[in-house]
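Chains as they are written, first to last, in full-length UniProt numbering: chain A, 1 to 808; chain B, 1 to 214.
Note that CB positions come from ideal geometry on N, CA and C, so glycine has one too.
Nothing here was measured: the structure is a model prediction, and the numbers come from that model.
I have placed the structure first, in the form of structure tokens, so that the comments after it can refer back to it.
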């Protein structure tokens, strides 16, 4: 039995890196055995390494050595089977776990790298992450090579089947649909015509170069060059995403470049297969060209069709998942992945299928699934796409070191040059054409960014890698050129685009948080423009969009969305979403929040001639519920800093004492969560007011849960006085005078006297009062929420009065 | 023909007033004649002939906007009974797309004009403020296409929006302050993040497909 060579070393000190590198070493045979090279030789050579002791210190760790030794032991130890050996108390069986183990180690390496970059902020602000990752890949590859091993290369199959789909799905599912559809024409022209132009221009020029070139390259035929051109001309979505996400450019440019990178996949697929097929043929007939043209439509539309079918199926499935919420995210992922695979099955454009399915299923799925599933989907997609991206770039670096290169100065440099020239010319020419039809023209600055943002990436590399060496003897040359272009675009263009964006003062992305106001205005504007178009008699963009929406609402939503939500108008859905987000933020955030702005109106007295305080009837809570609330609140006392967004219809009080304020909000939030029916805090109106001059903006608000001080006369009461259809509503929002009321906090600890409820006189029938307390409840059990309002010049007479049931 | 010569005089005048090109004016004139039934003026009833407009939730506001004296630049409030072609063009000119050769000042002016049109649509009683009631009315109309939605939902949305508007425009408010309503300046502030000039436009020239009215 050959003795294991223990490369002695203090493993503890360099254990992480050792572990990592060991993983890489171990991964080599796996990756290679996937079809690249001779597996037998590799295994033997790997083992050979471990047999020899003392070669290169850092490279092998004791556990790895042991693992490698064991199979060897088995191999050479067959005769041992005959003799009896002792029962192995502790055994090692590496081959058993080899593949998942090594895959996990690679992914772990990727994650650690990502972690590292964010821990060191200085570098990541100058150099985009993609560059750093490639450099890491280069280092790792170099390390492996230095050891004597040949590093793994980015397998096309792994790339296309496992690494690319998460990124595309993430992009497609969260595609901002509105800017995308508004600019669809532009995007399509850039994607289709631009890529075609790039491919043919580049291919043609490279052929010319090859004709005048020296022996190694002047054998490359026209078709080979065209194939090469088609591989390298496609803008890569992964690279574009990686770089553009960091520069926060404005939405229009982002969607133009990104949309182009997504949609040009169809063109790339067609051209690639076309030229690959034709490579063997000398003479290309016109018929072949027509077929090629036809196949473009089949590939792209077929891909979209497959995606739409799967998307609709996913939406339909999600309609029934209300009982098994846990697997909802899985449906989304699986259906999308199946769409991708099905499209790839038929040589259709998998990327377009994926995008189409994501776009199609999203509105319906989101209406059907629970909030947690939505969060799960979002985070899983982000996580997977992030890791995929990292792995892709690392592997690009490793493959650079690993691959066999054939460097030819003329070919490579001219490729690079013509790539850039083709891109610039293409963008300029197309923009001149497109601007005739666009209302919002593309400025030269925009054009520059679009041209500069045409990054190439791993897709080009993988496509080149797929080439068959027998048909394409110059494959290595192609790969070298591709890698050079990728490096140039990612490094040079990626690094310089950020300072250039700042230099040219390109409009950045406006961080506008989506607010209910914006939503109202946008919808209003949509309807207005549709109306104007109808009046003009012009069947324009808005007209058809409106028709589509109507069709969607009438037929599609009913099929695909479960239950009542199928009838929910968009505005309401949006509002609920905001509320939900708000509520969750309120509960979850423990961070210090700004004091929310207070909005207030005149007190009740101005509009209540009767003088009865119009307070809200608050829901009754049973005693144990109330106790539960108190318990929760006591436990949550520490989480006092809360943030409140102003759009919330809740009362906002300018409170110098954040704790009490936040406590109030928290309590309110808890109560809300407990009360299922609470949908609308606006209760019965107080009085009708006819004169328009009295109509002021009242703001409806919610009662705040607040801990009343038993001895305080000045406790403000916030009441809501929603108006009947004729009268304006009024709300009192008051600053409670909390000076010196820090004791409020301590009081929480004590048995809080509970929440009081105030009676409210309903004055108009039909207004919905959500809270209908029972008649016989004593004040103590009625205490739930206390309205805070400004007593104003005179004290509120209603305080402390027993609850009067609502009379209708 | 004499009429065509005088027409071109008028057309030129309209071109300079409203900024449309003569082709656009021709087409809009044809449409105007269709809507008015070859009369010289349009009344509110004429808008009922457009079938597609029936489905629009805010149709009453849109129609009203055509007769709003503030939009017609005739008076600070009130409604006209009928409008002639020039008024029609004036209203339509609010929806012209911005031109590339506009400078900052013109752009700002254009933006303000468009927003003012919108503001007038919200502010129905012409008091210069969008009160809560008016805002509620807007939201109710927006949701009017869904018959089973309760009024309360519309109201609560409007209230929430108003509160947010108040906080954006005024910031911190004391409890005894009243937020009267959204003034035009506040309105401008709310719309600051949205590029209205790129959104609020209709392509006027491609009007080959003229929808027929009955």
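With a Cβ-Cβ cutoff of 8 Å, do residue i and residue j count as a contact?
i                      : j                      : result
residue 368 of chain A : residue 443 of chain A : no
residue 228 of chain A : residue 244 of chain A : no
residue 236 of chain A : residue 458 of chain A : yes
residue 200 of chain B : residue 529 of chain A : yes
residue 172 of chain A : residue 355 of chain A : yes
residue 508 of chain A : residue 250 of chain A : yes
residue 215 of chain B : residue 89 of chain B  : Outside the shown range of chain B (1 to 214) lies residue 215 of chain B, about which nothing can therefore be said.
residue 164 of chain B : residue 342 of chain A : no
residue 275 of chain A : residue 211 of chain A : no
residue 140 of chain B : residue 124 of chain B : no
residue 202 of chain A : residue 418 of chain A : yes
residue 183 of chain A : residue 247 of chain A : no
residue 263 of chain A : residue 191 of chain A : yes
residue 505 of chain A : residue 482 of chain A : no
residue 163 of chain A : residue 381 of chain A : no
residue 220 of chain A : residue 474 of chain A : yes
residue 129 of chain B : residue 180 of chain B : yes
residue 527 of chain A : residue 147 of chain B : no
residue 98 of chain B  : residue 197 of chain B : yes
residue 319 of chain A : residue 562 of chain A : yes
For residue i and residue j, which I take to be in contact (beta-carbon distance under 8 Å), what is that distance rounded to the nearest angstrom?
i                      : j                      : result
residue 141 of chain A : residue 400 of chain A : 7 Å
residue 230 of chain A : residue 462 of chain A : At roughly 14 Å, the Cβ-Cβ gap does not stay under 8 Å, so residue 230 of chain A and residue 462 of chain A are not in contact.
residue 260 of chain A : residue 187 of chain A : 6 Å
residue 396 of chain A : residue 154 of chain A : 6 Å
residue 489 of chain A : residue 456 of chain A : 5 Å
residue 809 of chain A : residue 352 of chain A : The question about residue 809 of chain A has no answer, for chain A in this structure spans 1 to 808.
residue 478 of chain A : residue 134 of chain A : So it is not a contact: roughly 19 Å between Cβ atoms.
residue 128 of chain A : residue 494 of chain A : 5 Å
residue 335 of chain A : residue 165 of chain A : No, residue 335 of chain A and residue 165 of chain A are not in contact; Cβ-Cβ is about 12 Å, not under 8 Å.
Within its chain, find whatever has a CB closer than 7 Å to the CB of residue i; leave out the 5 residues flanking it on each side and keep chain order.
i                      : result
residue 84 of chain B  : 40, 41
residue 712 of chain A : Summary for residue 712 of chain A: the model assigns pLDDT 42, below 50, so the residue's position carries little reliability; its value from the coordinates is reported in the next sentence. Same-chain partners within the cutoff: there are none.
residue 75 of chain B  : 69
residue 47 of chain B  : 53, 63
residue 19 of chain B  : 93, 96
residue 575 of chain A : 516
residue 540 of chain A : 533
residue 476 of chain A : 404, 405, 406
residue 136 of chain A : 113, 394, 397
residue 454 of chain A : 235, 423
Among the residues of its own chain, which have a CB less than 6 Å from the CB of residue i, if the five just before and after it don't count?
i                      : result
residue 328 of chain A : 321, 369, 373
residue 67 of chain B  : 79, 80
residue 427 of chain A : 447, 450, 451
residue 311 of chain A : 357, 360, 361
residue 266 of chain A : 299, 300, 349, 352
residue 472 of chain A : none
residue 143 of chain B : 149, 154
residue 283 of chain A : none
Below 8 Å on C-beta distance, what does residue i contact in chain B?
i                      : result
residue 260 of chain A : Here the premise fails: no neighbours, minimum Cβ distance about 20 Å.
residue 532 of chain A : 62, 92, 95, 202
residue 337 of chain A : The contacting residues do not exist; residue 337 of chain A stays about 36 Å from chain B at best.
Take residue i and list the residues in its own chain whose beta-carbon comes closer than 8 Å to its own, dropping the five residues that flank it on each side.
i                      : result
residue 543 of chain A : 530, 533, 534
Just the chain B side, please: which residues come within less than 9 Å of residue i by C-beta, in chain order?
i                      : result
residue 185 of chain A : What residue 185 of chain A touches in chain B: nothing, since even the nearest Cβ is about 13 Å away.
Going along chain A, which residues have a C-beta under 7 Å from residue i?
i                      : result
residue 139 of chain B : 520
residue 190 of chain B : 517
Check the Cβ of residue i against every Cβ in chain A and list those closer than 8 Å, keeping chain order.
i                     : result
residue 53 of chain B : 531, 534, 535
Checklist entry - Listed from N- to C-terminal order along the chain, which residues in the segment 509–529 of chain A have their beta-carbon within a distance smaller than 8 Å of any beta-carbon of chain B? => result 510, 512, 515, 516, 517, 518, 520, 521, 522, 523, 524, 525, 527, 528, 529
Item to check | Near-chain B residues of the segment 424–453 of chain A - C-beta to any C-beta below 7 Å | outcome: 439, 440, 441
Checklist entry - If you measure beta-carbon to beta-carbon, which residues of the segment 57–85 of chain B are closer than 7 Å to chain A? => result 57, 58, 59, 62
Checklist entry - When you check each C-beta in the segment 357–373 of chain A against every C-beta of chain B, which residues fall closer than 8 Å? => result none
Item to check | Interface residues of the segment 101–114 of chain B facing chain A [CB-CB below 7 Å] | outcome: none
Next on the checklist: Using a Cβ-Cβ cutoff of 9 Å, what residues of the segment 35–49 of chain B are near chain A? List them in chain order.
Outcome noted: 35, 47
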